[in-house]
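Colleague:
2 protein chains.
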Amino acid sequence: MATDSAPSSVLRPTLRERKKQRTREALIDTALRLFTQRDFDGVTLDELCDRVEVSKRTFFRTFASKEEVAMAPYEDMWRAFINELESRPVAAECSILQVLQEAVLAAMRTMDTGEWAHRLLSCTRLAGRTPAIEAHCRYFCGVTVRAALDVLHRRFGLDPHDLRPRLALDILVAAFHRALETWADRPQDPTAEHLATDTLAAFAAIPGSLTLTGAAPADRAPQSRVGTL
Amino acid sequence: MATDSAPSSVLRPTLRERKKQRTREALIDTALRLFTQRDFDGVTLDELCDRVEVSKRTFFRTFASKEEVAMAPYEDMWRAFINELESRPVAAECSILQVLQEAVLAAMRTMDTGEWAHRLLSCTRLAGRTPAIEAHCRYFCGVTVRAALDVLHRRFGLDPHDLRPRLALDILVAAFHRALETWADRPQDPTAEHLATDTLAAFAAIPGSLTLTGAAPADRAPQSRVGTL
DNA sequence: AAAGCAAACGCCACTCAGTGGCAAACTGCC
DNA sequence: GGCAGTTTGCCACTGAGTGGCGTTTGCTTT
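Chains C and X, in that order, give the protein sequences. Note that the first sequence covers residues 1 to 229 in full-length UniProt numbering. Note that the second sequence covers residues 1 to 229 in full-length UniProt numbering.
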């Protein structure tokens with residue numbers, strides 16, 4: 001099945017692991033396709049497993065729930081985010097929020113831009129119209145935020161009782177969700193570059209959200225200012 | 001069962017509605033008690049329904065899911081929040097975020113402080129250790145935020161494409177969750193007053209979360225400044 | 001007060017997500 | 001080539017959630 005017959009170089013994962021990976025991707029792709037064609041609830045796991053020719057038991061050894069397979073591309077990105085947060089060198093004078101924002105953008109760049117962006121688009125649109133998936137997505141965010149908070153405390157030595165780092169993380173996640181929403185609402189098939197643009201725009205809108213007032217027609221400058229971080 | 005035999009005054013709900021309400025409360029109380037004693041997963045709906053002497057069919061006419069009954073006190077508060085947002089008079093010069101914060105505090109005050117606080121405590125602690133409940137809770141927040149956004153647009157005539165009101169709502173919810181966490185971590189049984197205090201503290205920590213830096217030992221003043229809104 | 005009506009309830013059967021156990025198949029390694 | 005450890009498939013089972021339908025209960029009208 002593999003097109004390149006190059007001999008195994010260093011660090012090549014074992015056959016067992018490659019098979020597992022291939023099963024995982026087949027499940028994700030087939031699931032996203034089926035869930036998009038019909039509804040999430042309109043596709044049973046039995047059918048999905050039949051298509052991929054895998055037993056339901058195996059499905060649950062790969063994913064913890066029906067929702068998880070649909071959100072896998074999204075979750076992969078946040079796992080990359082945690083890695084970035086763990087390993088990126090950071091300038092000392094940066095604010096925590098800036099560090100977090102850069103880690104998100106870096107994580108996006110580590111994803112395979114082609115197929116990944118397309119899959120993320122599918123699962124974002126799916127999440128937007130499927131309560132069960134949205135719930136799972138939000139729960140996963142909570143887990144990720146706690147993991148990220150752990151890293152922050154380790155790397156920056158913050159006060160464990162300080163609410164602000166945690167708030168900064170929640171704000172980051174909220175802004176990124178706004179970006180995803182904007183991105184997925186674009187007509188046709190938006191690219192990974194569009195996502196980066198929309199993410200910057202959402203991050204730029206954060207400060208203004210604290211001071212925004214309602215009475216006046218509200219100047220719209222801040223949110224479209226997609227300038228440097 | 002009712003202790004006061006005063007004749008029905010104006011606006012008394014019908015017997016049918018009172019019965020329904022009593023069933024609802026019995027389900028909530030029994031569920032919170034059972035879920036707290038054993039685990040959420042350790043209690044089946046069949047058992048819960050047996051205890052309350054209600055058919056499972058009736059349970060699902062009252063609540064949409066097993067998770068919902070556990071989070072009912074929490075959800076009731078957010079529904080009150082929407083009402084406040086809809087009906088409260090607001091000073092023109094206030095920021096949107098301030099309006100939202102005051103609506104949250106007002107909603108808390110409309111809840112029956114005695115029993116409600118105790119129930120909210122149970123479901124907060126439950127949510128903290130039950131993934132399924134946390135997921136449901138977060139999904140519900142998303143629905144509430146969208147409803148609130150609707151009210152904001154209607155009352156303040158904001159640009160539908162402006163990301164900032166939505167961000168402000170997400171930040172509000174995040175801060176309130178921090179407050180709940182702090183509150184539920186207090187030893188013994190914290191009261192509704194404690195919750196108001198913790199909520200103010202969480203709100204006060206918002207601005208500092210955007211500018212917080214990691215290198216220095218981080219001044220802790222802003223988060224403990226529980227001053228006026 | 002009796003009858004009529006609509007809402008709510010209980011019961012039954014069913015679908016489907018998710019789990020545990022065990023035997024068969026496969027991979028990695030010698 | 002054969003052994004050891006992992007992975008997979010199959011089967012049976014639990015429990016959440018739904019639809020249908022006949023019965024009960026509260027409200028209303030005369």
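Beta carbons are placed, not taken as given, at the ideal position from N, Cα and C, and that holds for glycine.
What is the DSSP secondary structure of Q223 of chain C, counted as helix, strand or coil?
Modeller: Its pLDDT being 42, under 50, Q223 of chain C is placed unreliably by the model, and nothing is read from it.
Colleague: Label Q101 of chain C either buried or exposed according to how many other C-beta atoms from any shown protein chain fall within 10 Å of its C-beta, with 16 as the threshold for buried.
Modeller: It counts as buried.
Colleague: Span of the alpha helix (DSSP H) holding V104 of chain X?
Modeller: Unbroken alpha helix (DSSP H) run through V104 of chain X: 96-110.
Colleague: In chain C, which residues lie less than 8 Å from S87 of chain X when you measure between Cβ atoms?
Modeller: Result: empty, since nearest Cβ-Cβ is about 16 Å, beyond 8 Å.
Colleague: Within a Cβ cutoff of 8 Å, which residues of the same chain sit near D46 of chain C, ignoring the five residues on either side of it in sequence?
Modeller: Cβ within range, chain order: K56.
Colleague: From L212 of chain C to M111 of chain X, what does the alpha carbon distance come to, in whole angstroms?
Modeller: Each residue's Cα considered, the two are about 29 Å apart.
Colleague: So what's T228 of chain C in DSSP terms, helix, strand or just coil?
Modeller: Per-residue confidence for T228 of chain C stands at a pLDDT of 48, beneath the threshold of 50, marking its modelled position as unreliable; the derived number appears in the next sentence. Coil at T228 of chain C, not helix or strand.
Colleague: Straight-line CA distance for I28 of chain C to F60 of chain X?
Modeller: Their Cα atoms are separated by approximately 32 Å.
Colleague: So, V52 of chain X versus A26 of chain X, is the Cβ gap smaller than 9 Å?
Modeller: In this structure, A26 of chain X lies closer than 9 Å to V52 of chain X by Cβ.
Colleague: Going by alpha carbons, who is nearest to R178 of chain X out of X:E17, X:D189, X:K19, X:A205?
Modeller: It is X:A205.
Colleague: If contact means a Cβ-Cβ distance below 9 Å, which residues of the stretch 144-159 of chain C contact chain X?
Modeller: Under the 9 Å Cβ criterion, the stretch 144-159 of chain C contributes L152, R155, F156, G157, L158, D159.
Colleague: To test your reading of the DSSP string, which unbroken alpha helix (DSSP H) runs of 4 or more residues are found completely within the UniProt DNA-binding region "H-T-H motif" (44-63) of chain X?
Modeller: DSSP runs (the alpha helix (DSSP H)) wholly in the UniProt DNA-binding region "H-T-H motif" (44-63) of chain X: 45-52, 56-62.
Colleague: Would you mind sorting D4 of chain C into buried or exposed? The rule is 16 or more other CB atoms within 10 Å of its CB.
Modeller: Interpretation of D4 of chain C is limited by its pLDDT of 40, a score under 50 that renders its predicted location unreliable; no figure is taken from the coordinates.
Colleague: How big is the Cα-Cα spacing for E115 of chain X and A147 of chain C?
Modeller: Roughly 35 Å separates the two Cα atoms.
Colleague: Quick one: which residues of the stretch 165-190 of chain X get their C-beta closer than 7 Å to a C-beta of chain C? List them in chain order.
Modeller: For the stretch 165-190 of chain X, which is checked against every Cβ of chain C, the residues closer than 7 Å are P165, R166, L167, A168, D170, I171, A174, A175, R178.
Colleague: How is the alpha helix (DSSP H) around Q37 of chain X delimited, first residue to last?
Modeller: Note, Q37 of chain X: alpha helix (DSSP H), 15-37.
Colleague: How about R24 of chain X and A135 of chain C: are their beta carbons less than 9 Å apart?
Modeller: Contact flag unset, no.
Colleague: If we define contact as Cβ-Cβ less than 9 Å, is residue 230 of chain C a contact residue for chain X?
Modeller: In this structure chain C extends from 1 to 229, so residue 230 of chain C is not present and cannot be described.
Colleague: Against chain X, which members of the stretch 91-111 of chain C pass a CB distance test of less than 8 Å?
Modeller: So the list reads A92, E93, C94, S95, I96, L97, V99, given in the order they occur along the chain.
Colleague: Excluding the five sequence neighbours on either side, which residues of its own chain have a C-beta within less than 6 Å of the C-beta of A132 of chain X, listed in chain order?
Modeller: Correct list, in chain order: E67.
Colleague: With 9 Å as the threshold, decide whether the Cβ of E75 of chain X is near any Cβ in chain C.
Modeller: Answer no: the Cβ-Cβ gap between E75 of chain X and chain C never drops below 9 Å.
Colleague: Between R178 of chain X and the ligand HEM, is there a pair consisting of the residue's CB and a ligand heavy atom that are separated by less than 8 Å?
Modeller: The model on display carries no ligand, and the ligand HEM is accordingly not part of it.
Colleague: If we require 4 or more residues per run, which alpha helix (DSSP H) segments fall completely within the stretch 106-155 of chain C?
Modeller: 113-129, all fully within the stretch 106-155 of chain C.
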